Every structure is written in structure tokens, then in C-alpha cells.
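Numbering-wise (full-length UniProt numbering), the sequence shown opens with residue 1 and increments by one. Glycine included, C-beta positions come from ideal geometry on N, C-alpha and C. Computed from a predicted structure; not experimentally measured.
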Amino acid sequence: MAGRYGIPESEMLDLSASLNPLGSPFEHPSGGLDLDAIMEKAAKRFGQYPDNRYLEYRSAAVNFLGNGLSVDNIVPGNGSCEIIRLVAEAVLDEGDVVLIPHPTFAEYEQQCKVAGADVRYIRQEEVMDLSDDVLESAKILFVCNPNNPSGKLRSREDLLKLAARCASKNTILFLDEAFIELADDPSQSIAEVVEGNDYLFILRSLTKDFAIPGIRLGFGVASKRMAEALNTARLSWNLGSIPEEIGIAVMNMEGGCNSPYLVQSREAIKKDREYLIERISSGIRKFVPIDSEINYILVDISNSAFDSTELMQRLASHGVLIRDCSSFPFMGKDFIRIAVRPKEETDRLSRAIGKVVVEKARETARLDLIAMLESGDVKPQGPNTDCSYYPCHHFPGQDCTFCFCPFYKCEDERTGGKWVDRSSGGKVWSCEDCVIVHQKDVVEKILNELSGEGSMEEKLKKAWTKVVEPLL
Numbered sequence: 001m002a003g004r005y006g007i008p009e010s011e012m013l014d015l016s017a018s019l020n021p022l023g024s025p026f027e028h029p030s031g032g033l034d035l036d037a038i039m040e041k042a043a044k045r046f047g048q049y050p051d052n053r054y055l056e057y058r059s060a061a062v063n064f065l066g067n068g069l070s071v072d073n074i075v076p077g078n079g080s081c082e083i084i085r086l087v088a089e090a091v092l093d094e095g096d097v098v099l100i101p102h103p104t105f106a107e108y109e110q111q112c113k114v115a116g117a118d119v120r121y122i123r124q125e126e127v128m129d130l131s132d133d134v135l136e137s138a139k140i141l142f143v144c145n146p147n148n149p150s151g152k153l154r155s156r157e158d159l160l161k162l163a164a165r166c167a168s169k170n171t172i173l174f175l176d177e178a179f180i181e182l183a184d185d186p187s188q189s190i191a192e193v194v195e196g197n198d199y200l201f202i203l204r205s206l207t208k209d210f211a212i213p214g215i216r217l218g219f220g221v222a223s224k225r226m227a228e229a230l231n232t233a234r235l236s237w238n239l240g241s242i243p244e245e246i247g248i249a250v251m252n253m254e255g256g257c258n259s260p261y262l263v264q265s266r267e268a269i270k271k272d273r274e275y276l277i278e279r280i281s282s283g284i285r286k287f288v289p290i291d292s293e294i295n296y297i298l299v300d301i302s303n304s305a306f307d308s309t310e311l312m313q314r315l316a317s318h319g320v321l322i323r324d325c326s327s328f329p330f331m332g333k334d335f336i337r338i339a340v341r342p343k344e345e346t347d348r349l350s351r352a353i354g355k356v357v358v359e360k361a362r363e364t365a366r367l368d369l370i371a372m373l374e375s376g377d378v379k380p381q382g383p384n385t386d387c388s389y390y391p392c393h394h395f396p397g398q399d400c401t402f403c404f405c406p407f408y409k410c411e412d413e414r415t416g417g418k419w420v421d422r423s424s425g426g427k428v429w430s431c432e433d434c435v436i437v438h439q440k441d442v443v444e445k446i447l448n449e450l451s452g453e454g455s456m457e458e459k460l461k462k463a464w465t466k467v468v469e470p471l472l
């Protein structure tokens, strides 16, 4: 996107990736980790293959979970995608049925199709009420908790019931807890109950928790029997020395999931999420944020003037990236996902959305004006209540025919317009206090002039002289 729109990559604000807004524990004071020392330790092992058992990494994962499991329950992974692929390859045969509640993470479907599975989608609302026959027909049921992209967190009580039902039907419950440490209540995890249940697999990711997506890290949690099988099936040496040392360091932080760094992260996420939802709710008409319990929010834009792809591209042209949710199965182009970030970044997003809403309104108004002039139907159009920016700041019931003022920028302060300071520096002409082209009788007179003979430039000059100037 930086290349497409000619914006330096360092100036792009990425709200499409849902990472810990505190940044990595190597950058934040509460992390207390020395990256240079970790890299120096890893460098000493560059000349040898990793120990494929990854005992120290798995031990750190046990410490991080803090729930009484052992290294024999841990499957190290090179990020979530590799672990999903591993389970699909190890478990599924051609034609096996897998159940995936929608909307959710698209990687489940992709990796299961690679394994030749028969992917069947169900609605999120159906998960707890699946019939015995449907559940028994499936080899794997995928559940993401908290769900991506909705941000909904299922209760521990419900998941324990679901895990028991799946086990009774010999169906593997693949529970993706990739974001659980950043959720409002991480105690909803059921990772500790894997022992004794060969039909429960838990996925954990470190890249979101610690804002290190460039270091592919994660692990699976399973019964000793299942973990042994998966550790036999996984690629040898799937973690290099650098990822392994970084993983060991972040998981061994004092307190594990309740380390000062992660506790502060959850507190910041909750506060910043409330601010993000408030800005979206109050500042952008027809954008509807959906309540979330994690570090991203889903926004329904179905009633706005945009589809998700257009909005994503327009915001990218202003240096702000959001997630277009059209890539999630069954979501269409009605939703976007926005990462929770600090207040100043949310403010930048809000300003960018305001700009693209105005751009869209002006483009639509210009096209409407051209269509009116070309068709000869040059009567004022009245208020455009479908506009994302309506009602604007002028007066109730305004005429919206000239939302895009044909005289901009007139630089005549008698109109009520004025030069104002631009947030990025310099001055910009503001029409905020000008109401002239929003008055129906004035619009009608201007349209009469614009529908006459001659070039548009000549007609605009004539309309200004004959209609606007006398009013001033």
C-alpha cells in the first residue's frame, strides 16, 4: 500500500494487524527484557542444529500457562498457521468432515482443504446446539475464542461442556486461543483440561501477545498421547535458534499470563478500546462498532456509502490501514476490522475516516451535478439523507446539491469561510461557517446559470457575479 500510494512505509499506520498496543516487551519498561542479550545467546548456537525436542521452549510454555501441565503436553510451532496445518495433515483423511463456525479465521478452511477435507460451515450461534448426528459426523470442530473477527469471548463453562460432548462423539475440538492472553478475562481458557482428553487441542500464539509477528512463534496444548503424535509428525527443527530464545524469554517473564507486562496490556486494551468505540459511534454516522472483549473491533458499515474494499483503499491512500473483512467467508463487503491502538493513533484514524467521507460526498455531489446539467433537470435536490456525512454542520434540512462547492476555494471571508490551521501544518481554506450554497433559493439561481451556454469556467464566474456577489 505504501508503494501503491507513494507514502513512506514508516508513515503508514497499520490498524489491520491486531497486535498488543503496548508494543513488544523489549520496548516496554514492564517487559524488562534485553533483546541484545537474547540475540547474543542465540548467536552462540548458529553453528549447530536446534535440539528438535525443544525441551527448554516447551518448559517455558508450561511456565507461561501456569496450570500444572508438563512439557509432554506441548507442541512447539512456527506460528499459528503451521500448527493448524500440522493438525490438519496429521488428523484428516480425504473427505473427512470438518465444521467451521462463520465468520471466523479463514486459515482453518484453507489448511483443511489442503488435506482434502469436506469443509462445512455453521453459524456461530449454532455451536452449542449442534445435534449429536452433526457433531458425530465431523472429524474436527474448529472454535476460535475469542473469535476473530467478532471479538466475542465464549465462557469457560460453555467450552467445557462442548469439549465433553466432542469427546463423547470422537470429534476433535480444535480451540484457537491465539488472543486469549489479551482478552478481558483470560481465565476463560480451558487449556488445563487437555490431559485425559485425546479429543481436545488448544492453539496458543505468541506473536499477538508480544507484538512480534516477524518472529513466528506459537505452541499447541494437548493430551500427552496427542502431543506425542503431533511432535512426531511436525517438521524437524521448525524453530530456529533466534525464535526459540525469544520465545523462551517472553514466556519465562515472571507471572506468565499475569506478568506485569500482560496485565498492563489488558488494562490499556480495555481503555483504548472504549475510546475507539466512542470515536466510531459518535463521530461517524452509519458506522456501527460491535462490542468486543479483545484488542480489535468489528465495524458494520453496511448502511454507509462505502463497501469494505473501497473504504480500505481510500484510507490506505491517506496512510491508514484497516482490515477489509471481505476475505472472511460469508461476510461480504459490509464489515471492517480495526485494531485497538493508543489514543493518538485512534485520533489519526478518525481524521482519516472524516477525510474519506468528505471525499466520497464531494465526488458523489460532483457526479450528481454533472448528471443534472447533462439531463437538463437542474432543480435543487434538497437534503441527501443517504450521505454518510449528513446532517453536516450547516443547518437542519439544508440543500445538499452543492455539498461539493463549485466555487471552492473562493477565499472570500465574507462568505463565512476562513483560513484555519491544518493539523499537519500550514493553512487550509475552511467552509465550515459558509451556508450560501446550502440555501435552496440560492442553489436554484446558481443551477440556472450553470445550465446555460458556454464553458463551465465562464458559467461559474457568471454565477458568482450574478448570484453570490449580491448576497455578500
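In the DSSP assignment, find the unbroken beta strand (DSSP E) run with residue i in it and report its ends.
i    : result
S430 : K427 to S430
F142 : A138 to C144
I290 : V288 to I290
G218 : G218 to A222
G3   : Segment A2 to Y5 is the alpha helix (DSSP H) holding G3; no beta strand (DSSP E) there.
K418 : K418 to D421
V204 : Strictly speaking, residue 204 in this sequence is Arg, with Val absent from that position. Where R204 is concerned, the enclosing beta strand (DSSP E) stretches over L200 to S205.
With which residues is residue i paired in a DSSP beta bridge?
i    : result
S302 : Partner(s): none; S302 has no beta bridge.
Y296 : A339
Y121 : I100
V75  : G220
R323 : R337
D14  : L321
So, using beta-carbon positions, are residue i and residue j closer together than 9 Å?
i    : j    : result
V340 : R279 : no
A463 : L472 : no
Y390 : C405 : no
D321 : M312 : Looking at the sequence shown, residue 321 is not Asp but Leu. Yes.
F335 : D386 : no
K286 : A305 : yes
T104 : E136 : no
V356 : H318 : yes
Q188 : L141 : no
S18  : R337 : yes
L447 : M331 : no
I269 : I294 : yes
S284 : Y57  : Note on identity: in this sequence residue 284 is Ile, with Ser being the wrong assignment. No, the Cβ-Cβ distance between I284 and Y57 is not below 9 Å.
V250 : P21  : no
K152 : M128 : no
L182 : K208 : yes
C325 : S302 : no
E228 : D34  : no
L15  : R323 : yes
Rounded to whole angstroms, how far is the Cβ of residue i from the Cβ of residue j, which I believe are closer than 8 Å?
i    : j    : result
S282 : F46  : Rounded, the Cβ-Cβ distance is 53 Å, inconsistent with contact.
S292 : L203 : Contact doesn't hold; Cβ gap of about 20 Å is too wide.
L206 : G218 : 6 Å
R234 : V75  : 7 Å
L200 : A167 : 7 Å
R266 : D184 : 7 Å
A222 : V194 : 5 Å
N145 : L175 : 6 Å
I290 : S150 : 7 Å
L65  : G77  : Not a contact, Cβ separation roughly 15 Å.
L460 : F407 : 7 Å
S30  : Y261 : 4 Å
Alpha helix (DSSP H) containing residue i: first to last residue?
i    : result
S241 : S241 to M251
L86  : S80 to V91
L173 : Looking at the DSSP string, L173 is not in any alpha helix (DSSP H); the run it does join, the beta strand (DSSP E), is I172 to D176.
Y54  : That residue, Y54, is in no alpha helix (DSSP H); it is neither H nor E in DSSP.
V114 : E107 to V114
R45  : Taken as a continuous stretch (DSSP letters only), R45 belongs to no alpha helix (DSSP H), as it is neither H nor E.
A191 : Neither: A191 is in no alpha helix (DSSP H) and is coded neither H nor E.
D129 : Element bounds for D129: n/a, residue is neither H nor E.
E310 : S308 to A316
C434 : No alpha helix (DSSP H) contains C434, which DSSP labels as neither H nor E.
C257 : Counting along the chain, C257 falls outside any alpha helix (DSSP H), and DSSP gives it neither H nor E.
N448 : K440 to L450
E157 : R156 to S168
M331 : Segment: none, M331 is in no alpha helix (DSSP H) and carries neither H nor E.
A211 : Looking at the DSSP string, A211 is not in any alpha helix (DSSP H), and its letter there is neither H nor E.
A463 : M456 to A463
With respect to 8 Å, is the separation between the Cβ of residue i and the closest non-hydrogen atom of the ligand NAD below this value?
i    : result
G151 : Looking at this structure, you won't find the ligand NAD or any other ligand, since it has none at all.
Taking 9 Å as the threshold (beta carbon to beta carbon), is residue i in contact with chain D?
i   : result
D36 : Looking for chain D here will not work: only one protein chain is present.
Please give the ranges of any alpha helix (DSSP H) in the stretch 333-413, keeping only runs that are unbroken, at least 4 residues long and fully inside the region. 343-375
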